[in-house]
Every structure is written in C-alpha cells, then in structure tokens.
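The structure appears right after this line, and notes come after that.
This is how it looks when you write it as structure tokens:
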C-alpha cells in the first residue's frame, strides 16, 4: 500500500499543478466556463455568476497549492479532505456535462487540451481512485525529509515535463514548478524557516500563483492556445479541407393520417409520397459529427447587417481592430484617448482602424459620442470576441488575415510600437 500511496501522491500532485497552472494562465477563459456551468439551464446557480472570475482564480491557486502540499506531505489530513471534495465536485460536473450534454468541454485543461465530457469524466474517475488512496492513507503520510523532497521533486518535474512537452507543447509548467521546488527546498534547508515547513510549502506556491494570475489578468495569457494566437491565419482556419467528413443527420418526419393521429416516419418511408398523410413537422438528429474548422463563427458585419468579413481579412495592409464585446464597460472610456490617438494616426497613414463589439446600435452610438470615436464599429458574436482576446477592450492587429499583434487594454501601444512589434512577430 505504501508504494501505491507514493504513486498516487506523485500523479495527483503533478497533475493538480499542471491543471491549475494551465487554467491560471487564462483565468478569464476559465471564468467563462464556470459561467456556462452556473447558467439557468445547467446548474441554475445564477447568484454565483458575478463571482466567476474570483472563483476561477481561487480554484486555480487551490489546485496548484494542493498539488505541492500533496507532494511534500504537509498538512496532509486537511489537504486530503480538500483533494477528495474537489475531485468529487469535478467528477460530478463532468458526469453532469456528459450525461445531460449541457457543457461540451469541461475546461479541465483550458484550451490547451480539449476533452469530450465523457473523456473528462473518465479522467476524473481515475483521478478519484488515486485521491481515495491518499485519503485512506492520510494518517500514515508524513512530511517529507529533505532527501525525500529531492526524489519527489525530480520525479514530479519529470511527469510534468512529459505532459508539458509531450501533450500541450508548453514548457512553462516545468520552469514554474522547478522554481517553486527549489525555493521550498532551500527554505526548508534554512535554519530560519525550517521550523515553518507548512508556511513555506503552502505559502510559496500560493504567493507565486497569485502573482502569476495577477500578471495574466492585467495583461494577456503568456501562452495563447486558441485559434486566434499571434501568427495564426484566420482565413486558413475557417476552411473545411476537401474530403473532410460532414455532419450526418437522421430525419424524423411527423405526419397526420386521416384519423388525425400523428405518426413518425423515416426518410426510407417517404411519407411525402402518401397523399393520405398531412405534413406536421420534421426533426433532424445529428448522427455523426463532421469536421469543424478551428474558426467557424467569425464574421464582421455592419450595424445594418452587411458582411465585411472578407473585405478586412483580405486586406494586404495592416488592419487595427479594437475589440469590446461589452462597449458599456468603463475600461473602454479609460483607454479611449490612447485608442483615439492610434486611430487618428492610422487615418493619417490610410490604414484601416475599426471597432468590433457585440453591443447594440444604441450602446455603440452613445459610446462613440461620449469618447468622440471617429472610427466605425462593426458587430460580431460576443463569445467569438471573448475567444479572440481576454480583455475588454483589447487591440488586435491583422495583415492578410494573419494575426500580427494582440494587446490588453493596459498595454495599448502607439502606432510605432505596434508596427515594431508586428515586424518582429
């Protein structure tokens, strides 16, 4: 049982660190996933929706801290309880998503690794087994010796490296965890802190996780796993390859007979050929999901509905786009001077500068008058805009439909800075 406990601690601790860090890289994106779960037609926890962002950050930090505590053996009794409660909660969510087909992606690993609901549920069931072993053996687990710290750290870094380089192709979790392992090791080795092992093991990961989360919240994720990452082409990712599978549907036809009874028919029955039947309805059921391009919901429409998508995506010159899915957010007014200055420079240089929003005409008109915006606003779906950039507002730079730059509203560049960045990207 001791060997199983060691294996369980290594796997659970390492996976919690990676999972928490991936979500901490994009807490805004994770908050959108929580919002989906709290929606009225899912868990009906609408009162939690205003708290989704702080909850997202808290869950990310908790995962990372619990991961390190599991590996080092500190406060294992309370840690094992928290691990069990967290994995039961996650297992419930993934089962609910899979069985009722409510949320199609659990968000366990953010956008770095997409899992179907049933895959996520299976993963959580396996993880629940390992967590249960830790919980059962919690009274026999002791705080690591310094020698054990080194062994656990090296094996854990190896496991994290396999996942980081072999699955998500992102080395930062290896660097982040290695730094924390080193700080904790030297902290426990230091006579000044050796008697405060719990504070070192729990405090260091918590502090660095908080700082990391604050950084990405005030700027942008340090690694963008979405289809709208810098260097990616929007048009190319909208294309369905030749020969790709297409959606396959089964039709159910509803017809009434002469006795006014409604009956179901399949396509093979060809009920439309029977003159004694009267059509009522048709239901199409998806049998096989076909290929879906990475970008399938992007468009740029004028207020009156005219499609400008190809016009801007095919522009061989630069196109600046200020994205504000909610134009009433006060941040739009705070950065309006910088945005207006950049727009004015673009106008002088005959470079397109537009706004994209999901807000309605009245909100757009009010905002433009309030900040004296001289550029035109177009509309796009809110979820698409939230996927493009994790900032409201945020700045996007395109050329031939290729993303050349992205900036958080705290980092809006002037024209020369943007051009320099684009040239280097």
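Residue numbers (my numbering): 22 to 446.
All C-beta atoms in this analysis are idealised placements derived from N, C-alpha and C, irrespective of residue type, glycine included.
For residue 303, the enclosing beta strand (DSSP E) has its first and last residue at 299-309.
The beta-carbon distance between residue 310 and residue 297, rounded to whole angstroms, is 37 Å. This is too long to meet the 8 Å contact definition. With a cut-off of 8 Å on Cβ pairs, the segment 226-245 is not in contact with the segment 262-276, counting fewer than three such pairs. For the alpha helix (DSSP H) assignment, the uninterrupted runs of no fewer than 4 residues enclosed by the segment 94-161 are, from N- to C-terminal side, 97-121, 138-157.
Note: residue 429 is bridge-paired with 415 in the DSSP secondary-structure output. Going by DSSP, residue 400 is part of the beta strand (DSSP E) stretching over 398-400. Counting only residues of its own chain and dropping the five nearest sequence neighbours on each side, residue 312 has a CB closer than 8 Å to the CB of 261, 262, 265, 266, 267. One Cα belongs to residue 165, the other to residue 406, and the distance between them is close to 47 Å. In the three-state reduction of the DSSP assignment, residue 339 falls in the strand class. The shortest C-alpha to C-alpha distance from residue 320 to any of 22, 342, 135 is the one to 342. If you compare the alpha carbons of 395, 186, 408 with that of residue 373, the shortest gap goes to 395. For residue 408, the enclosing alpha helix (DSSP H) begins and ends at 403-409. Residue 317 counts as exposed, since fewer than 16 other beta carbons sit within 10 angstroms of its beta carbon. In the structure shown, residue 439 adopts helical secondary structure according to DSSP, grouped into three states.
Annotated three-state conformation of residue 369 is helix, per DSSP. Distance from the CA of residue 208 to the CA of residue 102, rounded to the nearest whole angstrom, comes to 26 Å. Taking 8 Å as the cut-off, the beta carbon of residue 45 is found no closer than this to the beta carbon of residue 198. If you look at residue 272, you'll find it isn't in any alpha helix (DSSP H); it sits in the beta strand (DSSP E) that goes 269-277. By the neighbour-count criterion, in which a residue is buried when 16 or more other Cβ atoms sit within 10 angstroms of its Cβ, residue 147 is exposed. Remark: C-beta atoms of residue 91 and residue 155 approach each other more closely than 8 Å.
By alpha-carbon distance to residue 369, the top candidate from 436, 332, 377, 344 is 436.
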